[in-house]
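Okay, structure first, notes after.
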DNA sequence: CACGAACCGTACCGTACGGTACGTATATGG
DNA sequence: CCATATACGTACCGTACGGTACGGTTCGTG
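Protein chains in written order, with the numbering used here: chain A, 1 to 216; chain B, 217 to 432.
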């Protein structure tokens, strides 16, 4: 395992603490609760400092997204020959992690925030969220899928297409439902297992299919 | 074909016109632009009437969702024996319609609105949107899937599970991406075709699989 | 025609937010 | 010990919104 090189955290420790408080405020009360005065009060700092550090309110929101993204680091595997069983397990773990990340309250709060602003500011926050928040998980999945192909376990022409298929199978409409306020999934393990089974049935080579239960 | 019985439109024609203007305002400028004064001005009505008709701002938002849902009517087929080819075609049409609905600017604007409010008001708008906006399309898909099963073309234990699989294959993360402001899909027809192919490969009986191209 | 209901347009009120200014405290460096 | 920088806390300003009140107008009805 190797961890991604964490860039030297574009913000000072004090600023990180403030951003942490701001995230907490956002999670608890939604965007309405995220006022500059409220952040200053919760973080015991002055509004003047907020504006000095982040420019304006939008700058603060962007900084919150960047900060949260900098906290989430995903591990990538290296070497380690894949078998049909281990590929299955790794994809299941990926699927579970994906569902867990999407269901996290900070993730949901930030997505709600960005979506709420997205037809006003030219989707600046939305872009930021997609680029900073999704890149890690995309890379991890692509690496896994590519490794499966190199090991002769998966077969596809377009890796991106295969990945999006996997994503859809795992997430379905759960993300939007959660964003709309529906309580989270009851059994994420089962959902992940089902999705991976379908994915392997679609993209697995004979080597993989031979080890899968007959359907029906 | 039979059209759903349209309930006598809980709002007066004048109120419908006002709601139409409000939707237009929301689409153009996002939630920030949807002020009570703005709606009154755009619709040439008084704020007093707005409050008389809809109670308060939240009531107006709810009414907008209800009104939009009442406009969308989906057709359900009846009778008409399904073949492998016609099932495929109908599912593709469903997939295309689904993508088209989700990509519609009014749909996106309302979803953004409901999502933006969803961690404040106990997701009242989110519930409303899911119940009033999704029921139609869910019913249509379930009817189609059930018909496929009765015709011996599809095989599954849980129809709901099969439907969610289809949904995920068709939509993947497109809905969230569009909500975040990413420009819409280039080739919805291709996306729909891919999804349906995968769906039939997963849930089709031999009768269906026999007519499908060998993969990869 | 007269009466009343519904409605429009506008003016108004209280509040709360984003952003700025200022006085004070703490700390760092010479 | 002083000087400078950084940041805290508070007070302040302008604006804009949700919601209410009121005078004038239209329109249906007896």
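From the three backbone atoms N, C-alpha and C, an ideal C-beta is built for every residue, glycine too. Predicted, not measured: the structure shown is a model, and the values here were computed from it.
Residue interval of the alpha helix (DSSP H) (run including residue i)
i: residue 161 of chain A; result: 159-171
i: residue 227 of chain B; result: Note, residue 227 of chain B: premise wrong, no alpha helix (DSSP H); not H, not E.
i: residue 189 of chain A; result: 188-203
i: residue 58 of chain A; result: 57-71
i: residue 312 of chain B; result: 300-319
i: residue 368 of chain B; result: Segment: none, residue 368 of chain B is in no alpha helix (DSSP H) and carries neither H nor E.
i: residue 132 of chain A; result: Counting along the chain, residue 132 of chain A falls outside any alpha helix (DSSP H), and DSSP gives it neither H nor E.
i: residue 266 of chain B; result: 263-270
beta-carbon residue i near the ligand ZN non-hydrogen atom, thresh 7 angstroms
i: residue 355 of chain B; result: Summarising the ligand content, the structure contains no ligands, and the ligand ZN is consequently not present.
Backbone CA spacing between residue i and residue j [nearest angstrom]
i: residue 422 of chain B; j: residue 368 of chain B; result: 9 angstroms
i: residue 325 of chain B; j: residue 209 of chain A; result: 43 angstroms
i: residue 14 of chain A; j: residue 44 of chain A; result: 11 angstroms
i: residue 242 of chain B; j: residue 298 of chain B; result: 42 angstroms
i: residue 63 of chain A; j: residue 201 of chain A; result: 42 angstroms
i: residue 157 of chain A; j: residue 409 of chain B; result: 16 angstroms
i: residue 217 of chain A; j: residue 302 of chain B; result: Because chain A spans 1 through 216 in this model, residue 217 of chain A falls outside it and cannot be assessed.
i: residue 199 of chain A; j: residue 89 of chain A; result: 13 angstroms
i: residue 129 of chain A; j: residue 65 of chain A; result: 7 angstroms
i: residue 348 of chain B; j: residue 181 of chain A; result: 15 angstroms
i: residue 235 of chain B; j: residue 380 of chain B; result: 32 angstroms
i: residue 167 of chain A; j: residue 384 of chain B; result: 8 angstroms
i: residue 38 of chain A; j: residue 145 of chain A; result: 45 angstroms
i: residue 191 of chain A; j: residue 22 of chain A; result: 33 angstroms
i: residue 127 of chain A; j: residue 121 of chain A; result: 11 angstroms
i: residue 84 of chain A; j: residue 140 of chain A; result: 18 angstroms
i: residue 476 of chain B; j: residue 187 of chain A; result: Outside the shown range of chain B, which is 217 to 432, sits residue 476 of chain B, and nothing can be said about it.
i: residue 118 of chain A; j: residue 264 of chain B; result: 31 angstroms
i: residue 250 of chain B; j: residue 73 of chain A; result: 39 angstroms
i: residue 124 of chain A; j: residue 245 of chain B; result: 15 angstroms
i: residue 387 of chain B; j: residue 189 of chain A; result: 22 angstroms
i: residue 50 of chain A; j: residue 195 of chain A; result: 44 angstroms
i: residue 314 of chain B; j: residue 268 of chain B; result: 36 angstroms
i: residue 80 of chain A; j: residue 296 of chain B; result: 54 angstroms
Helix, strand or coil at residue i according to DSSP, with G and I counted as helix
i: residue 182 of chain A; result: coil
i: residue 239 of chain B; result: helix
i: residue 427 of chain B; result: coil
i: residue 80 of chain A; result: coil
i: residue 37 of chain A; result: helix
i: residue 354 of chain B; result: helix
i: residue 1 of chain A; result: Only weak support is given to the placement of residue 1 of chain A: the predicted model assigns it a pLDDT of 45, under 50, and the question is left unresolved by the model.
i: residue 328 of chain B; result: helix
i: residue 339 of chain B; result: coil
i: residue 107 of chain A; result: helix
i: residue 216 of chain A; result: With a pLDDT of 47 at residue 216 of chain A, under the threshold of 50, the modelled position of this residue cannot be trusted; read the value that follows with caution. Three-state DSSP puts residue 216 of chain A in coil, outside helix and strand.
i: residue 233 of chain B; result: helix
Contacting residues, own chain, Cβ-Cβ under 6 angstroms from residue i (five flanking each side not counted)
i: residue 161 of chain A; result: none
i: residue 220 of chain A; result: Because chain A is modelled from 1 through 216, residue 220 of chain A falls outside the range shown and cannot be assessed.
Sequence-distant residues of the same chain with beta carbon closer than 7 angstroms to residue i, five excluded per side
i: residue 400 of chain B; result: 319 and 394
i: residue 57 of chain A; result: 36
i: residue 31 of chain A; result: 113 and 116
i: residue 142 of chain A; result: 159 and 163
i: residue 364 of chain B; result: 298, 303 and 370
i: residue 323 of chain B; result: 317
i: residue 42 of chain A; result: 21 and 25
i: residue 46 of chain A; result: 40
Sequence-distant residues of the same chain with beta carbon closer than 8 angstroms to residue i, five excluded per side
i: residue 12 of chain A; result: none
i: residue 428 of chain B; result: 413, 416, 417 and 420
i: residue 16 of chain A; result: 9 and 67
For this session: Evaluate contact between the segment 344-360 of chain B and the segment 283-292 of chain B, counting only Cβ atoms and requiring at least three cross-stretch pairs below 8 angstroms.
Result: yes
Exercise. Is the segment 173-187 of chain A in contact with the segment 98-107 of chain A, if contact means three or more CB pairs nearer than 8 angstroms?
Worked result: yes
Exercise. If we count Cβ pairs, one from each stretch, closer than 8 angstroms, do we get three or more for the segment 302-316 of chain B versus the segment 326-341 of chain B?
Worked result: no
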